[in-house]
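Read through the structure below, which is laid out as structure tokens, and then see the notes.
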Amino acid sequence: MYYFMIQAHSGWQYLASLALVVAVAVYVVNWLRGQMWSALYRRIGLYAIIVIDIQLLLGLTLWGVGASMGIVGANAIRTVEHPFTMLLAIVLLHAGWVWTKRSDETVRLRNGAVTFLVAGLLVLLGLLRIWGIA
Numbered sequence: 329m330y331y332f333m334i335q336a337h338s339g340w341q342y343l344a345s346l347a348l349v350v351a352v353a354v355y356v357v358n359w360l361r362g363q364m365w366s367a368l369y370r371r372i373g374l375y376a377i378i379v380i381d382i383q384l385l386l387g388l389t390l391w392g393v394g395a396s397m398g399i400v401g402a403n404a405i406r407t408v409e410h411p412f413t414m415l416l417a418i419v420l421l422h423a424g425w426v427w428t429k430r431s432d433e434t435v436r437l438r439n440g441a442v443t444f445l446v447a448g449l450l451v452l453l454g455l456l457r458i459w460g461i462a
């Protein structure tokens, strides 16, 4: 079970990263073009958030299974820093999404771009720490 959860969490990270990159790219490009908010942009944001939330659930399940096996606690980056960074990114993503939806339609694309960019940078930081790069 633990091996399966690691593989699922590790594989899903690529989908989550792709969803963040697509959302940022779509929002930035269309904001700079002066486009107005549409249902398409709302769906792109929702799909990205759903993919990220699934990644969170996989990570929390992995963390819980690891704790029951006595694995959690062996590495501070994996057991404290990475989950905290990712939770912070997801909280900011959800708060930013609310901010984006409540904004005037003329600035929603900008707010969405900022929201997904900040969350994406936090996710990148968390991944780089896990990979031992940062």
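Residue numbers (my numbering): 329 to 462.
Ideal Cβ positions, reconstructed from N, Cα and C, are used throughout, including at glycine.
Keep in mind it's a predicted model, so treat the numbers as computed, not measured.
Burial state of residue i (16 or more Cβ within 10 Å)
i, result
"residue 459", "exposed"
"residue 351", "buried"
"residue 386", "buried"
"residue 436", "buried"
"residue 444", "buried"
"residue 417", "buried"
"residue 357", "exposed"
Beta carbon of residue i nearer than 8 Å to that of residue j
i, j, result
"residue 355", "residue 441", "yes"
"residue 423", "residue 348", "no"
Sequence-distant residues of the same chain with beta carbon closer than 8 Å to residue i, five excluded per side
i, result
"residue 341", "383 and 455"
Residues of its chain near residue i, where Cβ-Cβ distance is below 6 Å and the 5 sequence neighbours each way are ignored
i, result
"residue 388", "none"
"residue 337", "386, 387 and 390"
**Request:** Can you check the stretch 367–437 for any alpha helix (DSSP H) of at least 4 residues that lies completely inside it and give the ranges in chain order?
**Result:** 367–396 and 410–430
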